[in-house]
Amino acid sequence: MPEDAERKGLGTPATRAGILEKLVSTGFLERKKNKKTVQLLPSHDAVSLITVLPEQLQSPLLTAEWEYRLGEIERGELAPEDFMAGISAMLQELVRTYRMIKGTEYLFTPPREVVGKCPRCGGDVAELQKGFFCQNEGCKFAIWKNNKWWELKRKQPTKAVVTALLKDGRAHVTGLYSEKTGKTYDATVVLEDDGKYANFKLAFDRQKGGKR
Ligand SMILES: [Zn+2]
């Protein structure tokens, strides 16, 4: 990358974490743990996307150029309409020049299966490799498969369990491991979302005739 790209503006360190998280949750970036270090690696889909995406759109220079123009608008040196006209012209040119290559859809992971509605924003929650994530931009609702609470019970939340949790707020789960007794048991798991984290707690089905 030319040296002035970063100076022209490629976002700020403050937005970097959010962008990386977004890339992870959308499946373009994968975290690989290697002893004590965590690497961020492009996923199979990311490599596929770079293969089929017009070169112009792949370049960080484009983002840098846009950031620079936005700066000019901020300082009153460029009219917003002129900026938008430029974008529009570029898109028209891209659509004219490029066309979809047949068969490229096989390069990508099939569309995600929606398992339910997000309790936070009502968006679609879909299953990904590492867990179940709200597909709405900006919403961070997630049920991770390697969640600590579940790990202690030597279980992972399955698709069926998450589907029930999202629908009814609770799900019947069998074979939960008890550290105290070393045995397994069945219980109702209740989902309690505090707006930041999806929390879980156990509810044991009461005896018949018991008070609710
Ligand atoms: Zn959501």
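For the sequence shown, the working numbering begins at 1 and goes up steadily by one. The beta-carbon is built from N, C-alpha and C at its ideal position, and this holds for glycine as well. Remember, it's a predicted structure, so these values are computed and weren't measured experimentally.
Ligand 1 approaches ARG120 closely enough that one of its heavy atoms is under 7 Å from the residue's Cβ. LEU128 is not a Cβ neighbour of GLY18, given a cutoff of 8 Å. When ASP186, GLN58 and VAL162 are compared, the shortest CA-CA separation from LEU202 is found for ASP186.
In this structure the region 25 to 44 does not touch the region 58 to 69; the number of beta carbon pairs closer than 8 Å is below three. For ARG99, no alpha helix (DSSP H) segment is defined, and its DSSP state is neither H nor E.
Runs of the alpha helix (DSSP H) spanning 4 or more residues and lying entirely within the region 21 to 73 occur at 44 to 52 and 55 to 58, in chain order. When the beta-carbon positions are compared, TRP144 and PHE200 stay at least 8 Å from each other. Partner residues in the beta bridge of ARG170, as assigned by DSSP, are VAL190. Between SER43 and the set LYS130, GLN156, VAL161 and GLU151, the nearest pair of CA atoms involves LYS130. Counting other Cβ atoms within 10 Å of its Cβ, LYS196 stays below 16 and is therefore classed as exposed. In this chain, LYS148 is not harboured by any beta strand (DSSP E); it is covered by the alpha helix (DSSP H) spanning 148 to 152. GLN58 has its alpha-carbon roughly 14 Å from the corresponding atom of ASP45. Beta-bridge analysis with DSSP links ILE143 to PHE132. By the beta-carbon neighbour count (other beta carbons within 10 angstroms, threshold 16), PHE141 is buried.
Considering only ARG75, GLN92 and ARG69, the residue with the shortest C-alpha distance to ASP82 is ARG69.
Taking a contact to require three or more Cβ pairs closer than 8 Å, the region 176 to 183 and the region 146 to 161 qualify as touching.
Straight-line spacing of the CA atoms in ALA126 and PHE108 works out to 16 Å.
Using a Cβ distance threshold of 8 Å, ARG170 and THR188 count as a contacting pair.
PHE132 has its Cβ no nearer than 7 Å to any heavy atom of ligand 1. Distance from VAL162 to PHE132 at the Cβ level is roughly 5 Å; contact confirmed, criterion being Cβ atoms closer than 8 Å.
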